[in-house]
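Residue numbers (full-length UniProt numbering): 1 to 329. For reference, the structure discussed in these notes is given below.
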């Protein structure tokens, strides 16, 4: 490597593709691009080549492509090369590294390279290569550091059916995972994913990461998801309001009119109001409810709060109760 580094400046002078030393230069690209300065020279060289000369570069680089895509500096040259390729050239390179794509995705620099080439895919023939490479591996990679970032790019494809099929049946596990939930959030607009989330409403709302998936779902679907969620949380509203993670979702639910009315109707008894007032998350929920509530429900909620306060145990929460009441006047 040091030998090629010492020759770098002379190759820089020869990096014009019209130079008689073109062949000499391309033969050393796999070695030159593994250093910072060498990679910059290689990128400039590749970017300057004519389409027919790219074929010669591919011939030299393709046996080393998987390794270079995972290399700290080599990966930059690879991205430049893919950007310069024609459809036929890209397809050849994709097939060259097909069996390495999963392992490349698990490496820091490799996953950045994979994200780049997944985004340059334009044709069904190219998509087919990735489908073969990642078949049966999407779920696993979605919860692996680095791998998850590459997988998320598939959600940007117009034809992402293969990706969705790999996710279905695993939505609960992914939504409960630190990295997996990022994948779910990318495809929250998919009705089948939406339905799987609903099937696991109570468990996911109380989960550290699952509650984030539900909040994102509420943001995207809005009023369309209000009735299904009302049906799912019916009879569980109190417990969800006083649990650390699900209280975040309930706070968002109470901002939508139809869900707000259903939830408040379930919670307005004095006994349930006492539980809410004695809980920090319950107090926060009531504060939001008091801010959002319609006039026809405001007086009933105020009476329930006033009746429950003498029964409470957490008297140090009095400033919170006063704030809630101030919004109900």
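Glycine included, C-beta positions come from ideal geometry on N, C-alpha and C. Remember, it's a predicted structure, so these values are computed and weren't measured experimentally.
What would DSSP say about residue 98, mapped onto helix, strand or coil?
To locate residue 98, count along the chain shown from 1; it is residue 98. Three-state result, residue 98: helix.
If you reduce the DSSP assignment to three classes, tell me which class residue 324 lands in.
Counted from its first residue, the chain shown places residue 324 at position 324. DSSP places residue 324 in helix when its eight states are reduced to three.
Proximity winner among 235, 204, 143, 35, relative to residue 105 (alpha-carbon distances):
Looking up residue 105 in the chain shown gives position 105. For the residues 235, 204, 143, 35, the minimum Cα distance to residue 105 belongs to 143.
Just how far apart, CA to CA, sit residue 267 and residue 273?
As a first step, residue 267 is located in the chain shown; it is residue number 267 there, counting from the start. As a first step, residue 273 is located in the chain shown; it is residue number 273 there, counting from the start. Taking the straight line joining both Cα atoms gives about 7 Å.
May I ask you to report which of helix, strand or coil DSSP gives residue 239?
Translated into the one-based positions of the chain shown, residue 239 becomes position 239. It is helical.
Nonlocal neighbours in the same chain, by C-beta distance under 7 Å from residue 11, ignoring five residues either side
As a working mapping, residue 11 is identified with position 11 in the chain shown. Confidence is the limiting factor: at residue 11 the pLDDT is only 48, short of 50, which leaves the residue's position unreliable and the question unanswerable from this model.
Which word fits residue 34, buried or exposed, when buried means at least 16 other C-beta atoms lie within 10 angstroms of its C-beta?
For this step, residue 34 is matched to residue 34 along the chain shown. It is buried - the Cβ of residue 34 has at least 16 other Cβ atoms within 10 Å.
Distance, Cα to Cα, residue 4 vs residue 175?
Within the chain shown, the letter at position 4 stands for residue 4. Within the chain shown, the letter at position 175 stands for residue 175. Per-residue confidence for residue 4 stands at a pLDDT of 46, beneath the threshold of 50, marking its modelled position as unreliable; no derived number is given.
Can you tell me the Cβ-Cβ gap for residue 177 and residue 209, rounded? I've got them flagged as a contact below 8 Å.
Locating residue 177 in the chain shown gives position 177, counting from the first residue. Locating residue 209 in the chain shown gives position 209, counting from the first residue. Rounded, the Cβ-Cβ distance is 6 Å, consistent with contact.
Please state the DSSP three-state secondary structure of residue 33.
Start at 1 with the first residue of the chain shown, and residue 33 comes out as number 33. Looking at residue 33 - three-state DSSP - the assignment turns out to be coil, as it is neither helix nor strand.
Where in the region 123 to 158 do unbroken runs of the alpha helix (DSSP H), each at least 4 residues long, occur, reported from the N-terminal end onward?
124 to 134, 138 to 142, 147 to 153
Look up residue 319 in the DSSP assignment and say whether it is helix, strand or coil.
The sequence position of residue 319 within the chain shown is 319, counting from 1. In this structure, residue 319 counts as helix in the three-state DSSP scheme.
Rounded C-alpha distance that separates residue 225 from residue 52
Translated into positions along the chain shown, residue 225 becomes position 225. Translated into positions along the chain shown, residue 52 becomes position 52. So the alpha carbons of these two residues sit roughly 54 Å apart.
Going by other Cβ atoms of all chains shown within 10 Å of its Cβ, with 16 needed for buried, is residue 82 buried or exposed?
Position 82 of the chain shown, counted from the start, is the residue given in the question as residue 82. Burial call: buried.
Helix, strand or coil: which one does DSSP assign to residue 219?
Locating residue 219 in the chain shown gives position 219, where the first residue counts as 1. It is helical.
Backbone secondary structure at residue 85 - three-state DSSP:
For the purposes of this step, residue 85 is identified with residue 85 of the chain shown, where counting begins at 1. If DSSP states are grouped into helix, strand and coil, residue 85 belongs with coil.
In the DSSP assignment, find the unbroken alpha helix (DSSP H) run with residue 225 in it and report its ends.
On the chain shown, position 225 is the one that residue 225 refers to. Run containing residue 225: none; DSSP gives neither H nor E here.
Just to confirm before moving on: does the CB-CB distance between residue 94 and residue 67 stay below 7 Å?
Residue numbering aside, residue 94 sits at position 94 when the chain shown is read from its first letter. Residue numbering aside, residue 67 sits at position 67 when the chain shown is read from its first letter. No.
For residue 256, which three-state DSSP category applies?
Your numbering for residue 256 matches position 256 in the chain shown. Reduced to three states, the DSSP call for residue 256 is coil.
Count the other C-beta atoms from every protein chain shown that fall within 10 angstroms of the C-beta of residue 158, then say buried if there are 16 or more, exposed otherwise.
Taking the first residue of the chain shown as position 1, residue 158 is located at position 158. Exposed.
Drop a sphere of 10 angstroms on the beta-carbon of residue 234, count the other beta-carbons inside from all chains shown, and report buried for 16 or more, exposed for fewer.
Indexing the chain shown from 1 puts residue 234 at position 234. Residue 234 comes out exposed.
CB contact flag (residue 332, residue 101, <7 Å)
Nothing can be reported for residue 332: it is not among the residues displayed for the chain, which extend from 1 to 329.
Please report whether the beta-carbon of residue 158 lies at a distance below 7 Å from any beta-carbon of chain B.
Absent from the structure: chain B. Only one protein chain is present.
In or out: residue 116 buried (at least 16 other Cβ within 10 Å) or exposed?
Numbered from its first residue, the chain shown carries residue 116 at position 116. That one is buried.
Residue range of the unbroken alpha helix (DSSP H) whose run includes residue 54
Here residue 54 corresponds to residue number 54 of the chain shown, with the count starting at 1. Segment 51 to 61, the alpha helix (DSSP H) holding residue 54.
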